[in-house]
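In the numbering used here, the protein residues as written are -18 to 88.
All C-beta atoms, glycine included, are put in the ideal place defined by N, C-alpha and C.
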């Protein structure tokens, strides 16, 4: 929850509570298509890494701090957005999806 909240608060979004409600909300979390794409990618990465962390704790007893999971999510999203931004055709004055990402997350 802390990892998901880190990202949604930075994007100035207030998702609902509960897994099924979040899934419905992901249909249109923002009017901005770039933010919608970013939120969906974040959700997928958070879900994957939280599950991976859960398995690591259960089976290996190794625990990562939330900040390490946040950093992993950020890296995954940047790596995914880079090729998408390179293929993106932009109208005059429009920002790439990667530029939108960096406007909310510095690095």
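- Nearest to residue 27 by C-alpha distance, out of 41, 12, 39, 0, is 0.
- Judged by DSSP in its simplified three-state form, residue 1 adopts helix.
- The stretch 63 to 72 makes no contact with the stretch -6 to 9, as fewer than three CB pairs between them are under 8 Å.
- Beyond the five residues adjoining it in sequence on each side, residue -11 comes within less than 6 Å, by CB distance, of -4 in the same chain, given in chain order.
- Sixteen is the threshold: when 16 or more other Cβ atoms of the shown chains lie within 10 Å of the Cβ of residue -16, as they do, the residue is buried.
- Residue burial annotation: residue 54 is buried, with at least 16 other C-beta atoms found within 10 angstroms of its C-beta.
- Pairing residue 72 with residue 16, the inter-Cα distance amounts to about 17 Å.
- By the CB criterion at 8 Å, residue 23 and residue 34 fall outside the cutoff.
- A straight-line Cα-Cα distance of about 15 Å links residue 58 and residue -9.
- Only residues of its own chain outside the window of five on either side were considered, and among them 15, 18, 19, 62, 65, 66, 69 have a CB closer than 8 Å to the CB of residue 78, listed in chain order.
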